[in-house]
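Take a look at the structure set out below.
Residue numbers (UniProt numbering): 1 to 175.
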């Protein structure tokens with residue numbers, strides 16, 4: 001079955017991230033927050049949504065990252081906006097080198113077809129209400145390879161597995 005393979009892959013991937021986080025003096029959640037910030041997640045509310053945690057947890061995570069010098073925070077009205085420091089950017093680049101290695105391996109064994117199949121798997125799981133995802137394939141702005149929000153046709157590599165502007169094309173059953 002595919003579920004046992006996905007389980008093993010998830011565990012190995014998570015272990016890799018935890019080891020990298022520990023090496024950097026971070027928790028897994030703090031590292032995930034840095035990666036999200038690098039993708040444009042720049043407020044506490046968006047970060048909580050992206051990491052699937054409560055807002056107080058996101059706030060605590062950001063306070064710790066600020067104390068360690070990885071981010072800065074400032075207020076814009078009622079919103080707290082976060083930005084990576086040079087130290088934060090360097091940490092993200094280090095982790096992205098791991099991701100590049102994973103991408104290189106994936107390219108050798110399946111390339112773009114593998115990416116499409118994995119995105120389709122996520123989309124189907126979401127359609128069945130088993131997971132919450134914010135990917136292009138299930139977005140109301142996406143139709144036949146074209147993103148109406150961006151106003152352009154997206155290549156396979158441009159299809160997002162998580163989009164800040166996502167709006168569901170359908171409703172899923174509650175958990």
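From the three backbone atoms N, C-alpha and C, an ideal C-beta is built for every residue, glycine too. Note that the structure is predicted; figures quoted are calculated from it, not measured.
Worksheet item: Is residue 176 helix, strand or coil by DSSP?
Response: The displayed coordinates of the chain run from 1 to 175. Any statement about residue 176 would go beyond what the structure contains.
Worksheet item: Using the rule of at least 16 other Cβ atoms within 10 Å of the residue's Cβ for burial, across every protein chain shown, is residue 70 buried or exposed?
Response: Against the chain shown, residue 70 aligns to sequence position 70. Its Cβ being crowded by 16 or more others within 10 Å, residue 70 is buried.
Worksheet entry | residue 38 and residue 92 closer than 7 Å at C-beta | If you number the chain shown from 1, residue 38 lands on position 38. If you number the chain shown from 1, residue 92 lands on position 92. A contact, by the Cβ cut-off of 7 Å.
Worksheet item: Should residue 148 and residue 141 be called a contact, given that it needs their Cβ atoms to be closer than 7 Å?
Response: Taking the chain shown and counting its residues from 1, one reaches residue 148 at position 148. Taking the chain shown and counting its residues from 1, one reaches residue 141 at position 141. Yes, they are a contact pair.
Discussion item. Once DSSP output is grouped into helix, strand and coil, what is the label at residue 41?
Written reply: Along the chain shown, read from residue 1 onward, the residue named residue 41 stands at position 41. Residue state, collapsed to three classes: coil.
Worksheet item: Near residue 27, which residues of its chain fall below 7 Å by C-beta distance, leaving aside the five closest residues on each side in sequence?
Response: Residue numbering aside, residue 27 sits at position 27 when the chain shown is read from its first letter. So the qualifying residues of the chain are 21.
Discussion item. Taking 7 Å as the threshold (C-beta atoms), are residue 47 and residue 54 in contact?
Written reply: The residue you call residue 54 lines up with position 54 of the chain shown. The residue you call residue 47 lines up with position 47 of the chain shown. No, Cβ-Cβ distance for residue 54 and residue 47 is not below 7 Å.
Item to complete: Mind reading off the beta-carbon distance from residue 131 to residue 125? Whole number of angstroms is fine, and I expect it under 8 Å.
Response: Sequence index remark: in the chain shown, residue 131 carries index 131 (1-based). Sequence index remark: in the chain shown, residue 125 carries index 125 (1-based). Correct: roughly 5 Å between the Cβ atoms.
Fill in: Beta bridge counterpart(s) of residue 83 as assigned by DSSP
Position 83 of the chain shown, counted from the start, is the residue given in the question as residue 83. The partner list for residue 83 (beta bridge, DSSP) reads 72.
Discussion item. Does residue 144 come out as helix, strand or coil in the three-state DSSP assignment?
Written reply: Position 144 of the chain shown holds residue 144. Residue state, collapsed to three classes: coil.
Worksheet item: Could you give the residue range of the alpha helix (DSSP H) that holds residue 122?
Response: Walking along the chain shown from the start, residue 122 turns up at place 122. Residue 122 -> alpha helix (DSSP H) spans 111-127.
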